[in-house]
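Next comes the structure, spelled out in structure tokens:
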């Protein structure tokens, strides 16, 4: 069977790009439909040890904090006040004590606040029209419909990952657009979509940015060559993530995704795409045979703390390859060659059993640096991976966890992991929350788009995909205050001995960090198991009711 590139020639590639960037933009009718605006900040409300502590109402909004319009940013167009929902966070904190392992011994509670999520919108009909000339799409559509006619019902868009570009004062959001050919229920081919938004998440239509003389027109579909063959599926880039080497003038964002490659056996590999210079590079772990499937690598930049202010971008991008065991890769951005930096080894005698969890924690967002004081060579990062569990009969359940990664030199460990959280009612409505085994089963974090913290602000923006159908932006408040309140920091500083060799210095924290992830996954499994039992009881009740009728 012949493998073909969807872009048969450079001429075809350019014609597709031209259609997307000009013809499509000329007729755009897109609209940003969010009713929500960014709330204001004040020191009293947002710099408490455990995050926001504004007084709560005593009626049905007892779990929400009132933000007066006087605190809003200038130019807000939303209602005169907003509500932040109080979110209790339970989790497990690394205490470095290998003598007394156990989930209850390391449990830690706190809270943050969250604003109702902002939905991002696009015009799927226009996207479908622009991509209708792709040979894989045209081949299948011409079999069942009038040539040239577009059926938007065969297109979906989700998995949006965003990053703030400070030099352009915009967010760049990359999302996955999926075409499914008639007669099947799985994706046929995927494309990556790029959109720009202003700081209030208003969509910027017909917007142009220039990078070293190259002009880019947004919205657009990125030109990423992908193999395909007739009657196949799951082609093209999937699960995009985006990251920026922040603080370096002229840094180009990097898009990370997985995609079937042209290698023998068509393995699914990880890739890096530079959207401004239009360079796509496959990632390869050196001295290893390529695995059939590689995905769910969580990117982050790991800089030397002593490096000071940098003027050149990183040559390497790090990835959390897995969380239990914790494994970290370092990949050269230019060549795509990757080497193992850290591979956790925990003695069996120091590994607690956590039963049948039917899944694991993996993937999720990028990891972002956490500002800490008191230790010059320690770096910590926050990310939101997600558990993938298989208790529900209707399919897997996905939920995010707040996780803190700690590292020095080439040694890493997990400092904290929360239990699975849905962030209250800020992302899922009551119907979805009440049906976690069916239509509410998928809640996947894709990126930490921005984190603003200073003497007055502590706001993090995270993108989520709900039910593999849409993209939402969630604003979290008090995250830095919550992290700094964790006892991990004081204990690590008290017990750490920087004069020890790195392996000895990291050992006890690595062991307990392994338990932290184990406890978090076990907690998620217990919750999902309970949800599945309730779902089965509900189905049984419906069946009995039908019998009575």
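In this note's numbering, the protein residues as written are 40 to 588.
We put the beta carbon where it would ideally sit given N, CA and C, even for glycine.
These numbers were taken from a predicted model, which means no experiment stands behind them.
Secondary structure of residue i, DSSP reduced to three states
| i | result |
| --- | --- |
| residue 87 | A caution first: residue 87 carries a pLDDT of 32, below 50, which makes its placement in the model unreliable, though a value can still be read off. Here residue 87 sits in coil by DSSP. |
| residue 190 | coil |
| residue 548 | helix |
| residue 568 | helix |
| residue 127 | strand |
| residue 225 | coil |
| residue 216 | strand |
| residue 470 | helix |
| residue 554 | helix |
| residue 69 | Its pLDDT being 32, under 50, residue 69 is placed unreliably by the model, and the measurement read from it follows with that caveat. It is coil, neither helix nor strand. |
| residue 577 | helix |
| residue 514 | strand |
| residue 118 | Residue placement at residue 118 cannot be trusted, given a pLDDT of 36 that sits under 50; what the coordinates show is reported in the next sentence. The answer is coil: DSSP assigns residue 118 none of H, G, I, E or B. |
| residue 534 | helix |
| residue 167 | helix |
| residue 454 | strand |
| residue 489 | strand |
| residue 182 | helix |
| residue 297 | strand |
| residue 447 | strand |
| residue 247 | strand |
| residue 158 | strand |
| residue 355 | strand |
| residue 202 | strand |
| residue 153 | strand |
| residue 584 | helix |
| residue 208 | coil |
| residue 101 | Below a pLDDT of 50, predicted positions are generally treated as unreliable, and residue 101, at 42, falls in that range; the measurement from the model is reported next regardless. Correct three-state label for residue 101: coil. |
| residue 108 | Because residue 108 sits at a pLDDT of 34, beneath the cut-off of 50, its placement in the model cannot be relied upon, and the point is left open. |
| residue 519 | helix |
| residue 476 | coil |
| residue 349 | coil |
Residue closest to residue i, alpha-carbon to alpha-carbon, out of the options
| i | options | result |
| --- | --- | --- |
| residue 191 | 207, 201, 180 and 246 | 180 |
| residue 358 | 319, 332 and 402 | 402 |
| residue 178 | 268, 301 and 162 | 268 |
| residue 232 | 531, 220, 253 and 257 | 257 |
| residue 445 | 549, 273, 249 and 297 | 549 |
| residue 427 | 216, 562 and 211 | 562 |
| residue 193 | 243, 570, 508 and 483 | 508 |
| residue 417 | 439, 440, 452 and 431 | 452 |
| residue 531 | 520, 521, 551 and 514 | 551 |
| residue 221 | 536, 175 and 381 | 175 |
| residue 145 | 433, 456 and 462 | 456 |
| residue 315 | 570, 342 and 250 | 250 |
| residue 284 | 381, 529, 206 and 493 | 206 |
| residue 310 | 288, 407, 303 and 278 | 278 |
| residue 218 | 247, 353, 163 and 365 | 163 |
| residue 301 | 366, 409 and 266 | 266 |
| residue 196 | 212, 182 and 208 | 212 |
| residue 331 | 349, 126 and 303 | 303 |
| residue 362 | 349, 293, 553 and 305 | 553 |
| residue 522 | 130, 210, 261 and 125 | 130 |
| residue 560 | 533, 400 and 495 | 400 |
Integer Cβ distance of residue i from residue j, believed to fall under 8 Å
| i | j | result |
| --- | --- | --- |
| residue 436 | residue 480 | 5 Å |
| residue 394 | residue 405 | The Cβ separation is near 31 Å, so there is no contact. |
| residue 429 | residue 398 | 6 Å |
| residue 132 | residue 525 | 5 Å |
| residue 454 | residue 440 | That pair is no contact at about 13 Å. |
| residue 263 | residue 312 | 6 Å |
| residue 308 | residue 322 | 7 Å |
| residue 367 | residue 380 | 5 Å |
| residue 280 | residue 306 | In fact, because the Cβ distance is near 19 Å, the residues do not count as touching under 8 Å. |
8 Å Cβ cutoff, residue i in contact with chain C
| i | result |
| --- | --- |
| residue 274 | No chain C appears in the structure shown, which is made up of a single protein chain. |
Count the C-beta pairs between the stretch 569–583 and the stretch 165–181 that are closer than 8 Å, then say yes if the count reaches three, no if not.
no
Contact between the stretch 356–376 and the stretch 386–397 (3+ Cβ pairs under 8 Å):
no
Tell me the start and end of each unbroken beta strand (DSSP E) in the stretch 308–341 that is at least 3 residues and wholly inside, in chain order.
318–321 and 337–339
Any 3 or more C-beta pairs closer than 8 Å across the stretch 216–232 and the stretch 263–278:
yes
Would the stretch 486–506 count as touching the stretch 539–555 if we require 3 or more Cβ pairs under 8 Å?
no
The stretch 297–305 in contact with the stretch 328–337 per 3-pair CB rule at 8 Å
yes
For a minimum of 3 consecutive residues, which ranges assigned as the beta strand (DSSP E) are wholly contained in the stretch 362–391?
365–371 and 376–382
If we count Cβ pairs, one from each stretch, closer than 8 Å, do we get three or more for the stretch 197–208 versus the stretch 482–489?
yes
Unbroken stretches of the alpha helix (DSSP H), 4 residues or longer, contained in the stretch 384–444:
none
Counting pairs of beta carbons, one from the stretch 466–483 and one from the stretch 565–575, are three or more of them closer than 8 Å?
yes
Contact between the stretch 514–523 and the stretch 150–158: three or more CB pairs below 8 Å?
yes
Note down, one range per segment and in chain order, each alpha helix (DSSP H) of at least 4 residues found wholly within the stretch 228–288.
none
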